[in-house]
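My numbering applies: residue 29 is where the sequence shown begins, and numbers increase by one.
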Amino acid sequence: MRNGRLFLAGLAILGACLPGLSRAQTEGGVPHLAKQGNATQLVVDGKPFLILSGELSNNAATALEPMEPIWPKLVSNNLNTALVGVSWAQFEPDEGRFNYTLVDGVIAKARENHMHIVFLWFGCWKNGTSSYPPYWVKKDYERFPRIQVGEGKTVSISGPVEVLSTLSDATRDADARAFAALMRHIKEVDGKQHTVLMMQVENEVGVLRDTRDRSPAANRAFAGQVPAELMDYMQAHKDTLIPEFREVWAANGYKKSGTWEEVFGPGKPASLEIPVQTTVSLLGPLEHQNSWQQLHWPSDEIFMAWHYARFLEKVVEAGKAAYDIPMYVNAWLQQPNHAWPGTYPSGGPLPQVHDVWRAGAPKIDILAPDLYLEYFDSVCERFTRNGNPLFIPETSTNSANVLVAAGKYNTIGFSPFGIDGNRPIPPELAATYGILNQMMPMVMANQGTAKMTAVRLSQGDPPKRVKLGNYTLTLTYTGRNMHIAPQPKGQVDAPPQPGVGPAAPETPLEAAAILIATGPDEYYFAGGGMRIDFTPNTPGPQNVGLGDVQQGNFVDGKWVVTRQIAGDDDAQGEILILRPSTILRVTLYRFP
Ligand code: DGJ
29 MRNGRLFLAG LAILGACLPG LSRAQTEGGV PHLAKQGNAT QLVVDGKPFL
79 ILSGELSNNA ATALEPMEPI WPKLVSNNLN TALVGVSWAQ FEPDEGRFNY
129 TLVDGVIAKA RENHMHIVFL WFGCWKNGTS SYPPYWVKKD YERFPRIQVG
179 EGKTVSISGP VEVLSTLSDA TRDADARAFA ALMRHIKEVD GKQHTVLMMQ
229 VENEVGVLRD TRDRSPAANR AFAGQVPAEL MDYMQAHKDT LIPEFREVWA
279 ANGYKKSGTW EEVFGPGKPA SLEIPVQTTV SLLGPLEHQN SWQQLHWPSD
329 EIFMAWHYAR FLEKVVEAGK AAYDIPMYVN AWLQQPNHAW PGTYPSGGPL
379 PQVHDVWRAG APKIDILAPD LYLEYFDSVC ERFTRNGNPL FIPETSTNSA
429 NVLVAAGKYN TIGFSPFGID GNRPIPPELA ATYGILNQMM PMVMANQGTA
479 KMTAVRLSQG DPPKRVKLGN YTLTLTYTGR NMHIAPQPKG QVDAPPQPGV
529 GPAAPETPLE AAAILIATGP DEYYFAGGGM RIDFTPNTPG PQNVGLGDVQ
579 QGNFVDGKWV VTRQIAGDDD AQGEILILRP STILRVTLYR FP
């Protein structure tokens with residue numbers, strides 16, 4: 029009897045636990061963001077995941093059959109994820125009628141190819157404009173009002189192109205309903221399998237051809253007070269606000285309330301036309317050089333950032349209520365020839381207005397750069413301020429950049445644009461993705477810690493010194509195919525002699541490597557095109573010898589040596605060269 033009661037009680041506990049347990053397991057596996065040190069990582073099925081991706085051209089997945097030859101291209105070049113657009117027009121051709129065929133087809137094909145997907149929701153805006161909303165939205169300009177620019181015109185890039193205004197609850201709610209339906213469906217078909225990792229919400233939002241929307245509703249809001257939510261956020265974060273933004277507030281007297289122009293200074297007069305480009309001939313060399321990282325007519329850009337953020341917050345909120353996976357918005361960046369708001373989309377999630385986005389749209393997880401600029405590292409720095417996680421949804425195929433982004437800036441992912449195009453994917457990128465796929469557990473275990481960093485070197489750069497673990501590493505550019513000429517000790521600053529190997533390619537390789545200190549005298553290096561020398565930075569004997577130098581691969585997370593390096597390959601134990609696209613494990617010893 030007693031045992032029977034215990035048995036029943038046990039069953040009851042088991043019954044109470046099982047649903048809880050399975051819920052916890054499902055929730056733990058759902059893609060989400062987690063902090064590790066100063067990094068934020070994407071965690072999928074309980075493990076940190078590095079998205080090694082490419083973004084498909086805008087309409088690549090508007091039919092399934094033409095996608096067939098694309099999948100093998102992605103797989104054979106070591107991509108583990110594809111960024112794929114979903115057009116609102118195709119998803120909701122008639123109001124309230126949703127078509128899941130393409131989304132399901134893309135998920136099925138991704139699974140067949142052991143790949144993941146990040147979907148891009150092309151809703152109200154794509155590159156600032158509104159070409160992806162359904163016909164029933166486009167033709168109803170009364171229910172879904174458009175922006176106005178200049179003195180009452182609609183935006184025109186190459187002919188009349190209409191752009192939906194953020195200042196409409198009807199537009200916002202229609203977009204949010206469709207996005208929620210999409211997320212509900214993704215949860216239904218993928219809530220357990222997690223093929224879909226994240227969502228991009230809209231694409232490169234912001235006003236073009238003018239600094240702000242000048243429709244009647246927008247003008248009324250612009251004449252009103254800065255919303256209390258934004259003012260409160262600014263007061264609460266006064267000491268940590270993005271400097272460019274705080275300067276604007278300071279310049280106008282740190283006001284605690286007021287209209288947009290009282291708090292942030294004058295906007296641009298409607299009658300003042302802006303050019304399409306801010307070239308040197310227009311600005312002069314000094315202004316051209318300086319003006320592309322500053323706010324111009326700040327109240328206009330800040331006003332637009334607030335309204336895009338508030339609109340997208342509602343869309344994201346509706347989507348997350350259906351299925352809560354990480355969601356990001358992407359920015360078309362300000363740049364030297366596009367320095368003024370309106371020459372780039374004004375109000376997008378650019379670094380100078382990140383605080384406005386954080387205040388207006390706290391549910392958005394990541395503010396992401398579409399990073400085509402040559403100033404790759406400084407954009408990464410501006411996009412990781414105040415803990416913003418880095419994700420690069422659009423960029424070029426430069427393989428050095430993915431190493432730097434993953435090893436130094438703790439990126440969640442990297443994704444060159446137009447990866448499905450006719451041009452082949454550069455072999456260096458495929459090889460680097462291969463290396464990073466192998467090393468993912470080690471790289472992710474070290475993101476956000478002081479044990480890992482990355483360096484980049486171009487031909488002609490002086491050597492770089494990096495303190496890492498118990499040694500200072502001196503890194504010298506070698507490029508491809510270096511023949512090692514031994515050099516006297518102590519002359520590590522002199523670049524090694526150009527080699528007698530195969531002819532160098534026409535474009536010199538940009539060298540880059542991830543450097544990881546895995547023990548007091550042990551390192552892993554991945555990438556290449558450089559020589560590495562070591563100086564101890566702890567007390568003890570000051571001469572450093574190369575112990576084991578192993579080239580190899582990680583197979584199922586285990587280090588497998590493919591070549592043990594000594595003799596001619598390391599100048600009789602004196603010079604360590606990390607050749608392009610290789611992984612080395614190196615141990616060191618010290619002697620008097
Ligand atoms: C940036 C956009 O976000 C992409 O969708 C695409 O239009 C590219 N520009 C084209 O270069």
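All C-beta atoms, glycine included, are put in the ideal place defined by N, C-alpha and C.
Go through its chain and collect everything with a Cβ distance to residue i's Cβ below 7 Å, but skip five positions before and after it.
| i | result |
| --- | --- |
| residue 333 | 375, 381, 384, 385 |
| residue 209 | 126 |
| residue 328 | 239, 240, 295, 296, 369, 374 |
| residue 366 | 305, 306, 372 |
| residue 323 | 272, 276, 329, 380 |
| residue 377 | 357, 359, 385, 395 |
| residue 251 | 287 |
| residue 187 | Unreliable placement is indicated for residue 187, whose pLDDT of 48 sits below 50; the coordinate value is still reported in the next sentence. Excluding positions up to five away in sequence, the list is empty. |
| residue 52 | Low per-residue confidence applies at residue 52: pLDDT is 36, beneath 50, and the placement is therefore not dependable enough to give any value. |
| residue 449 | 85 |
| residue 293 | 276, 279, 280, 326, 327 |
| residue 310 | 303 |
Give me the Cβ distance between residue i and residue j, rounded to the nearest whole Å; I'm assuming they're in contact under 8 Å.
| i | j | result |
| --- | --- | --- |
| residue 431 | residue 482 | 5 Å |
| residue 245 | residue 195 | 4 Å |
| residue 107 | residue 80 | 6 Å |
| residue 496 | residue 545 | 5 Å |
| residue 590 | residue 601 | With a Cβ gap of about 20 Å, residue 590 and residue 601 do not count as contacting. |
| residue 443 | residue 82 | 6 Å |
| residue 109 | residue 441 | 7 Å |
| residue 505 | residue 540 | That belief does not hold up - the Cβ atoms of residue 505 and residue 540 are roughly 10 Å apart, past 8 Å. |
| residue 661 | residue 598 | Outside the shown range of the chain, which is 29 to 620, sits residue 661, and nothing can be said about it. |
| residue 285 | residue 259 | 6 Å |
Excluding the five sequence neighbours on either side, which residues of its own chain have a C-beta within less than 6 Å of the C-beta of residue i, listed in chain order?
| i | result |
| --- | --- |
| residue 521 | Summary for residue 521: the model assigns pLDDT 41, below 50, so the residue's position carries little reliability, and this model does not support an answer. |
| residue 351 | 211, 214, 215 |
| residue 469 | 585 |
| residue 624 | With the chain covering 29 to 620 only, the question about residue 624 has no answer from this structure. |
| residue 563 | 500 |
| residue 200 | 339, 342 |
| residue 404 | 429 |
Nearest to residue i by alpha carbon, out of the options?
| i | options | result |
| --- | --- | --- |
| residue 91 | 114, 321, 81 | 114 |
| residue 146 | 598, 84, 322 | 84 |
| residue 226 | 290, 357, 615 | 357 |
| residue 267 | 250, 254, 282 | 282 |
| residue 177 | 359, 198, 301, 137 | 301 |
| residue 237 | 205, 317, 155, 143 | 155 |
| residue 271 | 397, 578, 258, 321 | 321 |
| residue 413 | 424, 97, 397, 421 | 397 |
| residue 574 | 98, 499, 64, 278 | 499 |
| residue 96 | 71, 138, 124, 122 | 138 |
| residue 319 | 364, 58, 203, 78 | 364 |
| residue 152 | 117, 170, 122 | 117 |
| residue 537 | 67, 557, 548, 193 | 557 |
| residue 548 | 119, 565, 344, 171 | 565 |
| residue 140 | 121, 258, 102 | 102 |
| residue 467 | 582, 606, 435 | 582 |
| residue 471 | 335, 121, 559, 78 | 78 |
| residue 161 | 150, 169, 171, 207 | 150 |
| residue 619 | 571, 314, 354, 361 | 571 |
| residue 243 | 438, 174, 168, 235 | 174 |
| residue 224 | 505, 597, 355 | 355 |
| residue 559 | 489, 568, 451 | 489 |
Within a Cβ cutoff of 8 Å, which residues of the same chain sit near residue i, ignoring the five residues on either side of it in sequence?
| i | result |
| --- | --- |
| residue 390 | 341 |
| residue 460 | 427, 430, 431, 555, 609 |
| residue 47 | For residue 47, the pLDDT reaches just 31, beneath the cut-off of 50, and the residue's location in the model is therefore unreliable, although a value from the coordinates is still provided. Excluding sequence neighbours, residue 47 sits near nothing in its chain. |
| residue 57 | 72, 73, 74, 220, 222 |
| residue 550 | 613, 614, 615, 616 |
Note the first and the last residue of the continuous beta strand (DSSP E) segment covering residue i.
| i | result |
| --- | --- |
| residue 619 | 610-619 |
| residue 462 | Taken as a continuous stretch (DSSP letters only), residue 462 belongs to no beta strand (DSSP E), being part of the alpha helix (DSSP H) at 455-474. |
| residue 493 | 492-496 |
| residue 602 | Unbroken run through residue 602: none, as it is neither H nor E. |
| residue 588 | 586-592 |
| residue 143 | Run containing residue 143: none; DSSP gives neither H nor E here. |
What residue range does the alpha helix (DSSP H) around residue i cover?
| i | result |
| --- | --- |
| residue 200 | 197-218 |
| residue 364 | Unbroken run through residue 364: none, as it is neither H nor E. |
| residue 60 | From DSSP, residue 60 is part of no alpha helix (DSSP H) but of the beta strand (DSSP E) over 60-64. |
| residue 227 | Not the alpha helix (DSSP H): residue 227 falls in the beta strand (DSSP E), residues 224-231. |
Problem - Nearest-residue set for the ligand DGJ, Cβ under 6 Å from any heavy atom - result: 86, 155, 231, 232, 398, 422, 445
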